[in-house]
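A.B. asks: Okay, here's the structure, questions in a sec.
Residue numbers (our numbering): 110 to 319.
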């Protein structure tokens, strides 16, 4: 692995079945097609989906914002693509809102690709990126208690249920739900399920860093 701050973060991560990479403005048509095609599937747990369908120009501006924040180390939002990168499977992120020594992983998967294990594969890959490239101390996943499918992801990967925060997640109707907080610490990562997933990670200029 190439050492040094210049190689961080991972702009592109390749898993056995997917490509996870930094969004580009030119991805807007693919992203719009994906979101427009599963709005009803996303709305229950993704409040931003209440604004859908968004016009293409709005999508372009959002992707420009994501790319800028990525480049300046403010937040790391990724698109999930098929291996040929001709279809958006979903979206994910290594979010910085939990502090400088932590990341929070979020994810959504297109309804057509549900029940294929993609969310688990993506989360395992980003867990490895967080601990081995970002060198963080802690990774968190926050899930509404009633979102049973998403709760299964951290369970499968060996995250620990650290606690439940009351009325912390607002759904599309504005109703507040309790939020389960699942965590993994750097000391718990070696030997965990994510530590064994086979991935390739690359920096901004395409150099392999993992």
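Yeah, the Cβ is synthetic: ideal placement off N, Cα and C, and Gly gets one too.
Return the CA-CA distance between residue 295 and residue 125, expressed in angstroms with no decimal places.
C.D. replies: Against the chain shown, residue 295 aligns to sequence position 186. Against the chain shown, residue 125 aligns to sequence position 16. Distance between the alpha carbons of residue 295 and residue 125 is about 24 angstroms.
A.B. asks: DSSP has residue 236 in a bridge; who is on the other side?
C.D. replies: On the chain shown, position 127 is the one that residue 236 refers to. According to DSSP, which records beta bridges pairwise, residue 236 is partnered with nothing at all.
A.B. asks: Excluding the five sequence neighbours on either side, which residues of its own chain have a C-beta within less than 8 angstroms of the C-beta of residue 227, listed in chain order?
C.D. replies: Your numbering for residue 227 matches position 118 in the chain shown. If we look at residue 227 and ignore the five residues flanking it on each side, its Cβ neighbours are 126, 127, 189, 198, 199 and 218.
A.B. asks: May I have the straight-line CA-CA distance separating residue 143 from residue 283, to the nearest angstrom?
C.D. replies: Within the chain shown, the letter at position 34 stands for residue 143. Within the chain shown, the letter at position 174 stands for residue 283. Taking the straight line from one Cα to the other gives about 24 angstroms.
A.B. asks: I want to see whether chain C comes within less than 8 angstroms of residue 137, judged by CB atoms only; does it?
C.D. replies: As a matter of chain content, chain C is missing from the structure shown, which is built from one protein chain.
A.B. asks: For a test of the three-state rule: what should DSSP assign to residue 168, helix, strand or coil?
C.D. replies: Taking the chain shown and counting its residues from 1, one reaches residue 168 at position 59. DSSP places residue 168 in helix when its eight states are reduced to three.
A.B. asks: Quick one: is residue 212 buried, meaning 16 or more other Cβ sit within 10 Å of its Cβ, or exposed?
C.D. replies: Here residue 212 refers to the residue found at position 103 when the chain shown is read from its first residue. A residue is called buried once 16 or more other Cβ atoms fall within 10 Å of its Cβ, and residue 212 is buried on that count.
A.B. asks: Measuring CB to CB, does residue 308 end up less than 8 angstroms from residue 237?
C.D. replies: Locating residue 308 in the chain shown gives position 199, where the first residue counts as 1. Locating residue 237 in the chain shown gives position 128, where the first residue counts as 1. Residue 308 places its beta carbon less than 8 angstroms from that of residue 237.
A.B. asks: Look up residue 123 in the DSSP assignment and give the residues it is bridged to.
C.D. replies: For the purposes of this step, residue 123 is taken as residue 14 along the chain shown, with counting starting at 1. In DSSP, residue 123 forms a bridge with 128 and 309.
A.B. asks: Are the beta-carbon atoms belonging to residue 240 and residue 121 less than 8 angstroms from one another?
C.D. replies: Within the chain shown, the letter at position 131 stands for residue 240. Within the chain shown, the letter at position 12 stands for residue 121. Going by C-beta atoms, residue 240 is not nearer than 8 angstroms to residue 121.
A.B. asks: Leaving out the 5 sequence neighbours to the left and right, which residues in its chain are closer than 7 angstroms to residue 268 when beta-carbon positions are compared?
C.D. replies: Locating residue 268 in the chain shown gives position 159, counting from the first residue. The beta carbon of residue 268 is closer than 7 angstroms to those of 250, 291, 292 and 293 in its chain, skipping five residues each way along the sequence.
A.B. asks: Counting C-beta neighbours from all protein chains within 10 Å, is the total for residue 247 16 or more, i.e. buried, or is it exposed?
C.D. replies: Counting from one through the chain shown, the residue named residue 247 turns up at place 138. Classification for residue 247: buried.
A.B. asks: Specify the secondary structure class of residue 277 as computed by DSSP and reduced to three states.
C.D. replies: Taking the chain shown and counting its residues from 1, the one referred to as residue 277 is at position 168. Residue 277: strand per DSSP, three-state reduction.
A.B. asks: On the premise that residue 134 lies in contact with residue 173, defined as a C-beta separation below 8 angstroms, what is that separation, rounded to the nearest angstrom?
C.D. replies: Taking the first residue of the chain shown as 1, we reach residue 173 at position 64. Taking the first residue of the chain shown as 1, we reach residue 134 at position 25. Indeed they touch by this definition, with Cβ atoms about 5 angstroms apart.
A.B. asks: Whole angstroms are fine: how far does the CA of residue 202 sit from the CA of residue 314?
C.D. replies: Taking the first residue of the chain shown as 1, we reach residue 314 at position 205. Taking the first residue of the chain shown as 1, we reach residue 202 at position 93. Roughly 20 angstroms between the two C-alpha positions.
A.B. asks: Can you tell me whether residue 149 is buried or exposed? The criterion is at least 16 other CB atoms within 10 Å of its CB, across all chains shown.
C.D. replies: Counting from 1 along the chain shown, the entry for residue 149 is found at position 40. Classification for residue 149: exposed.
A.B. asks: Could you tell me which of 166, 221, 159 and 254 sits nearest to residue 272, measuring between CA atoms?
C.D. replies: Looking up residue 272 in the chain shown gives position 163. Minimum Cα distance to residue 272 is reached at 254.
A.B. asks: Buried or exposed: residue 279, going by 16 or more other Cβ atoms within 10 Å of its Cβ?
C.D. replies: Here residue 279 corresponds to residue number 170 of the chain shown, with the count starting at 1. Exposed, since its Cβ has fewer than 16 Cβ neighbours within 10 Å.
A.B. asks: Closest to residue 215 by CA distance: which of 231, 223 and 221 is it?
C.D. replies: As a working note, residue 215 is residue 106 in the chain shown. For the residues 231, 223 and 221, the minimum Cα distance to residue 215 belongs to 231.
A.B. asks: To the nearest angstrom, how far is the alpha carbon of residue 303 from that of residue 242?
C.D. replies: Counted from its first residue, the chain shown places residue 303 at position 194. Counted from its first residue, the chain shown places residue 242 at position 133. Approximately 14 angstroms between the Cα atoms of the pair.
A.B. asks: Short check: CB of residue 306 to CB of residue 233, under 8 angstroms?
C.D. replies: Translated into the one-based positions of the chain shown, residue 306 becomes position 197. Translated into the one-based positions of the chain shown, residue 233 becomes position 124. Yes, the pair counts as a contact, with Cβ atoms nearer than the cut-off.
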